[in-house]
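Residue numbers (my numbering), protein chains in the order written: chain R, 233 to 614; chain P, 4 to 282.
A virtual CB, placed ideally from N, CA and C, is assigned to each residue, including glycine.
Notes for the one structure printed next.
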Amino acid sequence: MNCVLEGNAVKAFGKAIHSLSRIGDELCLDPMSKGLALRSVNSAHSAYACFLFSPMFFQKYNLGPEQGSETVQCKLLMKSILPLFRCLATVERCQIQINTPNDRVKIQFFCRHGITKTHDLCFEESEALQAAFASHLCPNVLKAPARVLGEMVMHFPVSQEEITLSVTPLRVSLRNYFEGGNDHMKIMYTEMSLHPDEFDYFQIGVESNITFCLKELRGLLSFAESHCLPVSVHFGAAGKPVCFSVEDMILEATVVLSTLIDSESPSQPAETLTVAPRTPTRCADVVPESPGEAATVPAGMELVASSQGSPIEDPALLLLLHHLSEPHYQERANSTPASSICSLLFRAKSPESGEGLPVLACCSDEEEAEEEDVMMMRSPTL
Amino acid sequence: MPLSTQSQGDAEQYVLVASLDNARNLSNILKAITFKDHAIFSATPNGLKVTVEDSKCLQANAFIQSEIFQEYTIKEDSVGFQVNLTVLLDCLNIFGGSTAPGVSTALRMCYKGYGYPLTLFLEEGGVVTVCKINTEEPEEPVDFEFCSTNVTNKVILQSESLKEAFSELDMTSEVLQITMSPSQPYFRLSTFGNSGNAHYDYPKDSDMMELFKCTKTQTNRYKMSLLKPSTKALALSCKVSVRTDSRGFLSLQYLVRNDDGQICFVEYYCCPDEEVAED
């Protein structure tokens with residue numbers, strides 16, 4: 233693959249890499265006919281991000297002859313590529329070439345004053361990882377200018393790991409999330425709420441409280457703010473992944489995060505949180521067995537159209553939508569009988585790969601599982 | 004200035020007296036060569052030369068001409084001593100190194116000769132501090148035998164363009180390779196790190212290139228650890244000249260403007276790591 237970006241596009245590209253660096257330690261470059269995708273997954277496989285730049289984003293975009301349906305995905309260390317895109321003030325043009333025979337990516341920066349910087353990075357070939365996420369089956373969809381979400385999360389300290397997003401047809405609120413009941417006195421609780429009017433699009437099919445990792449989202453929010461793009465949020469009940477996405481004419485960016493399973497959600501009996509290690513639980517059923525299930529709106533809920541009169545759009549199909557007819561996910565091998573971050577398992581593109589990818593990291597709160605007084609979100613009252 | 008009201012009798016005994024209204028004009032330039040504790044001071048009627056060396060492979064010199072000083076008196080042709088540079092810098096900054104405009108530390112540096120300490124009188128806001136730093140027998144600095152007649156390649160660049168490159172250099176590379184040539188790539192800095200190679204090319208007609216005189220294609224490698232300290236001098240400078248001689252020895256000369264706009268020079272000499280054939 234050979235592509236050329238000019239000045240401002242280089243800065244956007246750099247910002248995308250910076251956002252992806254918040255997710256994982258490795259960056260995958262996936263040149264496709266529909267554009268160049270940059271992806272990253274965290275080690276626990278609980279967060280996934282993808283930035284897809286369409287060919288129009290580039291001054292020039294050519295796939296080599298070896299790239300057909302079987303594309304070469306290059307895996308690079310984030311720490312090798314991120315520093316290259318730090319100081320872009322004098323960069324006028326950037327050329328990226330993926331040279332499969334010698335496993336090298338050549339990134340050339342053509343800067344002011346005739347100065348040229350050339351970087352030859354080694355890459356590993358890897359199978360393409362994508363998260364299949366059926367956003368059109370999500371009962372809840374929010375869309376707001378990036379600034380609105382940015383201003384909400386700004387109130388949480390940078391060290392805040394997880395936050396809980398609670399939605400009812402009347403209110404959207406964000407609060408910080410802490411595990412364990414022992415440190416009540418030391419924690420500062422922050423909660424803020426927004427009225428549905430603040431959103432460009434507001435559809436709540438299922439009242440829910442989802443808890444996810446804020447740190448991994450910040451990168452996308454900052455990217456969206458710098459490009460003044462609205463952010464769409466697709467989600468369902470606790471335990472199901474949440475997807476944040478932005479798009480414009482020439483690029484799309486998505487972050488998919490797993491959420492904590494909520495034992496107290498109305499649709500499950502209120503008992504001690506358990507997780508069945510080997511059988512599929514709700515968290516794994518991102519795409520349900522019967523296609524119509526998730527789309528059913530429980531009695532008492534209603535779809536609230538946007539107050540701005542935006543049409544109820546079919547939630548934008550994510551660029552990641554593949555293999556919808558194969559709705560199964562594998563449960564993470566080491567789930568514990570406690571609240572745990574569900575892992576998404578990614579489908580490899582090449583058919584000869586195994587059924588599932590091993591998850592490398594276990595949940596860190598396994599040890600506290602037994603005594604844990606799970607600080608779960610209050611069930612919303614209807 | 005209070006420091007100059009010392010009695011005439013005192014002044015008689017010093018072989019070297021150098022005064023500055025603003026001690027930063029000395030301390031800033033010394034910071035550019037502080038990669039080792041000890042420095043060799045060599046004073047002549049022309050001015051002060053301070054030398055720091057590392058393992059006989061790297062040498063840095065800072066030159067402060069006599070004209071920079073408000074007072075510069077030397078009673079011998081050459082006065083030399085060695086002091087701990089870190090201690091000297093601490094003393095020069097004893098008043099906290101405030102950068103508020105109009106506030107500066109005045110310095111009077113005095114030396115009585117062999118066996119005597121270096122005496123510093125520092126004044127700021129009416130408060131005077133006297134520091135006496137022990138001196139040692141000066142070592143003979145290595146003579147790199149770098150002479151202009153032996154120079155094969157020389158370029159002068161505006162520091163701004165090199166500063167960016169040096170700040171981005173891949174530190175996992177053990178060496179910095181410098182290629183100078185009358186043909187492409189003209190002037191190239193290369194690193195070979197864990198994640199791959201990087202090359203920074205400066206064409207001879209770049210407007211950052213003030214002088215380009217390359218007679219022969221040469222590629223030399225220098226240990227990154229040796230050249231790293233030179234980035235301090237680069238940061239202070241506005242221009243830098245890069246020269247290599249027929250043996251591959253490297254001379255970096257930095258033009259530094261001090262707080263008052265006066266010019267001082269810092270130079271670095273470095274031995275090549277090994278003979279390298281053309282890549």
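Closer than 7 angstroms to chain P by CB, residue i
i              : result
T422 (chain R) : no
S312 (chain R) : yes
T350 (chain R) : yes
H459 (chain R) : no
H345 (chain R) : yes
P501 (chain R) : The pLDDT assigned to P501 (chain R) is 30, lower than 50, so where the model puts this residue is not dependable; a value taken from the coordinates is nonetheless given after this. No, P501 (chain R) does not count as interfacial toward chain P.
Cβ neighbour criterion (16 or more within 10 Å) applied to residue i
i              : result
V269 (chain P) : buried
A248 (chain R) : buried
M212 (chain P) : buried
S164 (chain P) : buried
D93 (chain P)  : exposed
E563 (chain R) : The pLDDT assigned to E563 (chain R) is 34, lower than 50, so where the model puts this residue is not dependable; a value taken from the coordinates is nonetheless given after this. E563 (chain R) comes out buried.
L354 (chain P) : Nothing can be reported for residue 354 (chain P), as the shown portion of chain P is limited to 4 through 282.
P185 (chain P) : exposed
G129 (chain P) : exposed
T285 (chain P) : In this structure chain P extends from 4 to 282, so residue 285 (chain P) is not present and cannot be described.
S10 (chain P)  : In this predicted model, S10 (chain P) has a pLDDT of only 46, less than 50, meaning its place in the structure is not dependable; the value taken from the coordinates is given anyway. It is exposed - the Cβ of S10 (chain P) has fewer than 16 other Cβ atoms within 10 Å.
Y117 (chain P) : exposed
M420 (chain R) : exposed
V474 (chain R) : buried
D204 (chain P) : buried
C274 (chain P) : buried
R344 (chain R) : exposed
N240 (chain R) : exposed
K157 (chain P) : buried
L214 (chain P) : exposed
T89 (chain P)  : exposed
R27 (chain P)  : buried
Any chain R beta carbon closer than 7 angstroms to residue i
i              : result
H202 (chain P) : yes
P2 (chain P)   : Outside the modelled stretch of chain P, which goes from 4 to 282, sits residue 2 (chain P), for which no answer is possible.
D80 (chain P)  : no
V227 (chain P) : Correcting the residue type first, residue 227 (chain P) is Met in the shown sequence and not Val. Answer no: the Cβ-Cβ gap between M227 (chain P) and chain R never drops below 7 angstroms.
D210 (chain P) : yes
Q189 (chain P) : Position check: residue 189 (chain P) holds Tyr in this sequence, whereas Gln was assumed. Judged by the 7 angstroms Cβ criterion, Y189 (chain P) is not in contact with chain R.
S193 (chain P) : no
S198 (chain P) : yes
F206 (chain P) : Correcting the residue type first, residue 206 (chain P) is Pro in the shown sequence and not Phe. So, interface residue.
DSSP bridge partner residues for residue i (one or two, in chain order)
i              : result
S425 (chain R) : R:S405
P377 (chain R) : R:P462
T350 (chain R) : R:Q340, P:H202
G118 (chain P) : According to DSSP, which records beta bridges pairwise, G118 (chain P) is partnered with nothing at all.
S107 (chain P) : DSSP, once it has assigned bridges, lists no residue as partnering S107 (chain P).
Y272 (chain P) : P:Q62, P:S254
G83 (chain P)  : P:S45
T132 (chain P) : P:L125
K157 (chain P) : P:K216, P:R246
I330 (chain R) : R:V337
Q16 (chain P)  : None, per the DSSP bridge assignment.
E143 (chain P) : Paired residue(s): none; E143 (chain P) is not in a bridge.
What residues in the segment 159-172 of chain P have a beta carbon less than 8 angstroms from any beta carbon of chain R?
Per Cβ criterion, the list reads S164, E167, A168, S170, E171.
Extract the residue ranges of the alpha helix (DSSP H) inside the segment 189-251 of chain P, only unbroken runs of 4 or more that lie entirely within it.
If we require 4 residues or more, the alpha helix (DSSP H) runs fully inside the segment 189-251 of chain P come out as 227-230, 233-239.
Residues of the segment 305-329 of chain R whose Cβ lies closer than 9 angstroms to any Cβ of chain P, in chain order
Correct list: L308, L309, K311, S312, I313, P315, L316, R318, C319, A321, T322.
Unbroken stretches of the alpha helix (DSSP H), 4 residues or longer, contained in the segment 238-314 of chain R
Counting only runs of 4 or more, we get 239-253, 310-313.
Kindly provide the ranges of any alpha helix (DSSP H) runs that are 4 or more residues long and lie completely inside the segment 25-70 of chain P, ordered along the chain.
Complete alpha helix (DSSP H) runs here, min 4: 27-34.
At a Cβ cut of 7 angstroms, what residues of the segment 347-379 of chain R count as close to chain P, listed as they run along the chain?
For the segment 347-379 of chain R, the residues whose beta carbon sits under 7 angstroms from a beta carbon of chain P are, in order, I347, T348, K349, T350, H351, D352, L353, C354.
Extract the residue ranges of the beta strand (DSSP E) inside the segment 451-492 of chain R, only unbroken runs of 3 or more that lie entirely within it.
Within the segment 451-492 of chain R, complete beta strand (DSSP E) segments of at least 3 residues are found at 462-467, 474-479, 483-489, given in chain order.
Below 7 angstroms between beta carbons is the criterion; list the residues of the segment 230-242 of chain P that meet it against any residue of chain A, in chain order.
As a matter of chain content, chain A is missing from the structure shown, whose protein chains are R and P.
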